[in-house]
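Position one of the sequence shown corresponds to residue 337 (the working numbering), numbered consecutively onward.
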Amino acid sequence: MRDAVRPTLLALLAAAIWLGAPSNADAQFPKKLKDRVKQAAENETLNQVDRMIRNGVACAFHDLACIQKAHESGEDVYLTDEDGKPVVDEDGHTVDDPDKAARILGKEPGAGPGALPGQNAQTNLDFEAGESTIVGADYAEDNLGDFPRRFDLISGSFDVIDWEGRRYLRALSNGVFAIVLPEELPEKFTLETAVSIQHGNGWVAITPGRAYNTRPRDFRGSAVMVRFAKAGLDAIRNGGPVAMTQHDHDIVRTRVAPLQVMADGDHMKVYLDHHRVANVPNAVFPRSDTLFVAVSSASEDYPILLGPIRIAGGGADLYHRLAREGRVATRGILFDVNSDAIKIESAPTLEEIGTMLQDHPDLRISIEGHTDSDGEEAFNRELSERRAASVKRYLVETYEIDPSRLETAGFGESRPVASNDTPEGKQKNRRVELVRL
């Protein structure tokens, strides 16, 4: 809505420059002009609010059913307080995000007398990363400023950057690139990355066929979609259902938000910032050996960032795999670089392990840490030992597992399961293994 204000302000400012500096006879002219510019901006904002109230749908900030219905109908929505008064932000604009409205009103997000049974239920923490890495692209082997060697550029301007100590793929224009897989995507797979979008019209889409910014555009089906203010599964050429959830745009504007996808056949779930934004039992996402990533409304002033991309195949239930094989490698437990501090993204995998141990009180396991070959061998061995101990401590403290049921060991880089010459191989070697005792 702010862009609509700019023509009026620019016209007034241009008039000020054309008229030049004020004469001594009219020393008050600059102040008057400044007041007029301010008043014009305020009037334009009021007009925008008035248009929204006349043409949009009013929903109480806690009435999620009303908000969802309006979005599904394609109508603009503005939120009100409990007395029916429009909620406006610090710029005087109406608000359509219920959590933001709640914060403005000094309420707990999701709170309010109009909340319905089942709203805000905790159903978002069920993501489980696949164990078998198909693609692991962290840009570590790429030169800064280059396009990643692991991907195929189709169109647009992209480069690898370092921002706040981490590497990202930056998009500077509309574009699309392909991720060629070493095998066809399995029926059960997960995809993990992170996204930042600066422009209000910006978006990132992931599809198994050509759908955007490329020829031929022959794909018809579901797209994993992240927009500036909504995310989920979108339908390309009416292929499949639309399941898009509104989110506070600050989630992707002010930081790089984790994006996760979990698929099992036609059932697909999408998570943004660790919140589930789509849960679709009948997605249309045919398996292929190539994924296409498209971006829109990216520029030097409004770049789009993509974090490391990991695509992995799913597997059988952890307990049954452990019972059958005696040893299971988990790659969903992540640590800070050169540290034993466990990342928050590890919670789903740790929950699966903790729940398994609670459900099977006679089970005893050894937790083994492994690293890739980067760094000194002695440091890697000591690091892997500390990481194994950190996992044990987490399970004991969080799930109240008897410490006597858990042993730990660290082997550093001494037991690789893949070549350390490729990013995919290194990612396979960075793992925590569970061994049945």
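In this text, a Cβ means the ideal position worked out from N, Cα and C, and glycines have one as well. Quick caveat, the model's predicted, so the values are computed rather than measured.
(message) Assuming Lys566 and Thr581 are in contact, meaning their beta carbons sit under 8 Å apart, how far apart are those beta carbons, in whole angstroms?
(response) By 1-based counting over the sequence shown, the position of residue 566 is 230. By 1-based counting over the sequence shown, the position of residue 581 is 245. Contact flag correct, Cβ pair sits at about 6 Å.
(message) Nearest by alpha-carbon distance to Pro594: which of Asp482, Tyr504, Asn510 is it?
(response) One-based indexing of the sequence shown puts residue 594 at position 258. The shortest Cα separation from Pro594 among Asp482, Tyr504, Asn510 belongs to Tyr504.
(message) Going residue by residue through the stretch 525–568, where are the continuous beta strand (DSSP E) segments of at least 3 residues, counting only ones entirely within it?
(response) 539–543, 557–563
(message) For Glu704 and Asp609, I'd like the C-alpha separation in whole angstroms.
(response) To locate residue 704, count along the sequence shown from 1; it is residue 368. To locate residue 609, count along the sequence shown from 1; it is residue 273. Approximately 29 Å, taken between the alpha carbons.
(request) Look up His706 in the DSSP assignment and give the residues it is bridged to. (result) Residue numbering aside, residue 706 sits at position 370 when the sequence shown is read from its first letter. Looking at the DSSP assignment, His706 forms a beta bridge with Arg767.
(message) Considering only DSSP beta bridges, list what Arg663 is partnered with.
(response) In the sequence shown, counting from the first residue as 1, residue 663 sits at position 327. DSSP, once it has assigned bridges, lists Val771 as partnering Arg663.
(request) Determine the closest residue to Glu520 out of Ser720, Glu712, Phe621, Lys762, with distance taken between C-alpha atoms. (result) If you number the sequence shown from 1, residue 520 lands on position 184. Relative to the Cα of Glu520, the nearest Cα in the group Ser720, Glu712, Phe621, Lys762 belongs to Phe621.
(message) What does DSSP give as the partner residue(s) for Lys605 in the beta ladder?
(response) Counted from its first residue, the sequence shown places residue 605 at position 269. Lys605 is bridged to Met598, Asn615.
(request) Classify Asp339 as helix, strand or coil using the three-state DSSP reduction. (result) Against the sequence shown, residue 339 aligns to sequence position 3. Residue placement at Asp339 is flagged as unreliable, the pLDDT there being 44, under the threshold of 50; the coordinate-derived value follows with that caveat. Three-state DSSP puts Asp339 in a helix.
(request) Could you tell me the boundaries of the alpha helix (DSSP H) in which Ile440 lies? (result) Taking the sequence shown and counting its residues from 1, the one referred to as residue 440 is at position 104. From DSSP, the alpha helix (DSSP H) with Ile440 extends over 434–440.
(request) Kindly indicate which residue of Ser740, Asp602, Arg766, Pro697 has the alpha-carbon position closest to the one of Lys524. (result) Counted from its first residue, the sequence shown places residue 524 at position 188. Nearest option by C-alpha distance: Asp602.
(message) In whole angstroms, give me the CA-to-CA distance for Ala648 and Pro522.
(response) The residue labelled residue 648 in the question sits at position 312 within the sequence shown. The residue labelled residue 522 in the question sits at position 186 within the sequence shown. Roughly 9 Å between the two C-alpha positions.
(message) Judging by CA-CA distance, which residue of Leu527, Arg589, Val512, Arg646 is the nearest neighbour of Pro552?
(response) In the sequence shown, counting from the first residue as 1, residue 552 sits at position 216. Minimum Cα distance to Pro552 is reached at Val512.
(request) Output yes or no for whether 7 Å exceeds the beta carbon distance between Thr666 and Thr691. (result) If you number the sequence shown from 1, residue 666 lands on position 330. If you number the sequence shown from 1, residue 691 lands on position 355. Result no, Cβ atoms of Thr666 and Thr691 do not sit closer than 7 Å.
(message) Strictly by DSSP, which residues pair up with Ser491?
(response) For the purposes of this step, residue 491 is taken as the residue at position 155 of the sequence shown. Ser491 is bridged to Val512.
(request) Compare the C-beta of Asn391 against all C-beta atoms of chain D and say whether one is closer than 7 Å. (result) Although the question refers to chain D, the structure presented lacks it and comprises just one protein chain.
(request) Under the assumption that Glu736 contacts Val664 (Cβ atoms under 8 Å), give the Cβ distance between them as a whole number of angstroms. (result) Counted from its first residue, the sequence shown places residue 736 at position 400. Counted from its first residue, the sequence shown places residue 664 at position 328. Not confirmed; about 22 Å, so no contact.
(request) Select from Arg767, Val613, Asn618, Ile533 the residue whose C-alpha is nearest the C-alpha of Gly557. (result) Counted from its first residue, the sequence shown places residue 557 at position 221. The shortest Cα separation from Gly557 among Arg767, Val613, Asn618, Ile533 belongs to Asn618.
(request) For the stretch 739–758 and the stretch 711–730, state whether three or more C-beta atom pairs, one from each stretch, are separated by less than 8 Å. (result) yes
(request) Tell me Val629's beta-bridge partners as DSSP assigns them. (result) Within the sequence shown, residue 629 is the residue found at index 293, counting from 1. DSSP lists Phe513, Ile542 as partners of Val629.
(request) Alpha carbon to alpha carbon, how far is Thr707 from Arg772? Give it in angstroms, no decimals. (result) Reading the sequence shown from its first residue, position 436 is the one you call residue 772. Reading the sequence shown from its first residue, position 371 is the one you call residue 707. Across the structure, Arg772 and Thr707 are spaced so that their CA atoms are roughly 21 Å apart.
(request) Return the CA-CA distance between Lys436 and Ala394, expressed in angstroms with no decimal places. (result) The residue labelled residue 436 in the question sits at position 100 within the sequence shown. The residue labelled residue 394 in the question sits at position 58 within the sequence shown. Linking Lys436 to Ala394 through their CA atoms gives a straight-line distance of about 16 Å.
(message) Between the alpha carbons of Ser632 and Asp570, how many angstroms are there, rounded?
(response) For the purposes of this step, residue 632 is taken as the residue at position 296 of the sequence shown. For the purposes of this step, residue 570 is taken as the residue at position 234 of the sequence shown. Spanning the two alpha carbons is a distance of roughly 15 Å.
(message) For Trp499, count the other beta carbons within 10 Å of its own beta carbon; 16 or more makes it buried, fewer makes it exposed. Which is it?
(response) Reading the sequence shown from its first residue, position 163 is the one you call residue 499. It is exposed - the Cβ of Trp499 has fewer than 16 other Cβ atoms within 10 Å.
(message) Taking 8 Å as the limit between beta carbons, can you name the residues of its chain near Trp354, skipping five residues before and five after?
(response) Here the question's residue 354 lines up with position 18 in the sequence shown. Model confidence at Trp354 stands at a pLDDT of 45, short of 50, so the residue's coordinates are unreliable and nothing is read from them.
(message) If distances are taken between C-alpha atoms only, which option among Leu627, Met598, Ser624, Ala630 comes closest to Asn615?
(response) Residue 615 sits at position 279 when you count from the first residue of the sequence shown. Of the candidates Leu627, Met598, Ser624, Ala630, the one whose C-alpha sits nearest the C-alpha of Asn615 is Met598.
(request) Figure out for me which residue from Arg387, Glu636, Gln534, Cys402 has the closest Cα to the Cα of Ile587. (result) In the sequence shown, the residue the question calls residue 587 occupies position 251. When each option's Cα is compared against that of Ile587, the closest is Gln534.
(message) Taking a contact to mean a Cβ-Cβ separation below 7 Å, would you say Ala473 touches Ile645 in this structure?
(response) Reading the sequence shown from its first residue, position 137 is the one you call residue 473. Reading the sequence shown from its first residue, position 309 is the one you call residue 645. Yes. Within cutoff.
(message) Within 10 Å of its beta-carbon, does Thr775 have 16 or more other beta-carbons around it, so buried, or fewer, so exposed?
(response) This structure cannot settle anything about residue 775, because the visible part of the chain is limited to 337 through 773.
(message) So, with DSSP's three-state summary, where would you put Ser635?
(response) Taking the first residue of the sequence shown as 1, we reach residue 635 at position 299. Note: Ser635 maps to coil in three-state DSSP.
(request) Would you tell me roughly how many angstroms separate the C-alpha atoms of Thr590 and Val629, rounded to the nearest one? (result) Residue 590 sits at position 254 when you count from the first residue of the sequence shown. Residue 629 sits at position 293 when you count from the first residue of the sequence shown. Looking at the two C-alpha atoms, the distance is approximately 22 Å.
(request) Determine the direct distance from the alpha carbon of Gly545 to that of Asn756, and round the result to whole angstroms. (result) Numbered from 1 along the sequence shown, position 420 holds the residue referred to as residue 756. Numbered from 1 along the sequence shown, position 209 holds the residue referred to as residue 545. For Asn756 and Gly545, the distance between alpha carbons rounds to 31 Å.
(message) On the criterion of 16 or more Cβ atoms from any shown chain inside 10 Å, does Asp478 qualify as buried, or is it exposed?
(response) Here residue 478 refers to the residue found at position 142 when the sequence shown is read from its first residue. It is buried - the Cβ of Asp478 has at least 16 other Cβ atoms within 10 Å.
(request) Give the DSSP-derived three-state secondary structure of Tyr504 in the structure shown. (result) For the purposes of this step, residue 504 is taken as residue 168 along the sequence shown, with counting starting at 1. Strand at Tyr504.
(message) By alpha-carbon positions, which one of Arg506, Ser709, Val531, Ala438 ends up nearest to Glu636?
(response) The residue you call residue 636 lines up with position 300 of the sequence shown. Proximity to Glu636 across Arg506, Ser709, Val531, Ala438 peaks at Arg506, based on C-alpha coordinates.
(message) Out of Tyr548, Glu681, Thr626, which one is the CA nearest neighbour of Tyr607?
(response) Reading the sequence shown from its first residue, position 271 is the one you call residue 607. Selected option, being the one with the closest Cα: Glu681.
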